[in-house]
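> Residue numbers for the sequence shown follow this note's numbering, so the first one is 12 and each next one is one higher.
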Amino acid sequence: MYSTRCPDCSKGFSRKDAMLRHFKQKHNVSFNTTVSEGALPPPPPPPPPQGALSPPPPPQRALPELVPSQ
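#1: So what does Arg16 bridge to, in DSSP terms?
#2: If you drop the 5 nearest sequence neighbours on each side, which residues of the same chain put their C-beta closer than 6 Å to that of Arg16?
#3: Would Ser21 and Ser14 qualify as a contact pair, given that the criterion is a beta-carbon distance under 7 Å?
#4: Using only the alpha-carbon positions, how far apart do Phe34 and Pro57 sit?
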């Protein structure tokens with residue numbers, strides 16, 4: 012069973028580096044392997060703008076009033 016296939020000719024390879032070597036040599040294609048492998052995570056979301064409203068604080072529980080005992 013092959014773990015990866017050539018995107019042009021569908022030849023199967025057991026290792027990705029072997030497929031990339033084949034792809035570069037047989038199909039005359041050169042590319043950055045880091046980007047093509049999808050190894051880069053998506054960028055983090057941008058921070059909220061300054062002055063943006065923050066969520067209200069959670070409501071506080073009312074404490075029972077203490078009545079001095081007589």
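Don't be surprised by glycine CBs; every beta carbon is placed ideally from N, CA and C. Computed from a prediction, not measured in an experiment: that's the story for all the values here.
Let me spell this out:
#1: Gly23
#2: Gly23
#3: no
#4: 37 Å
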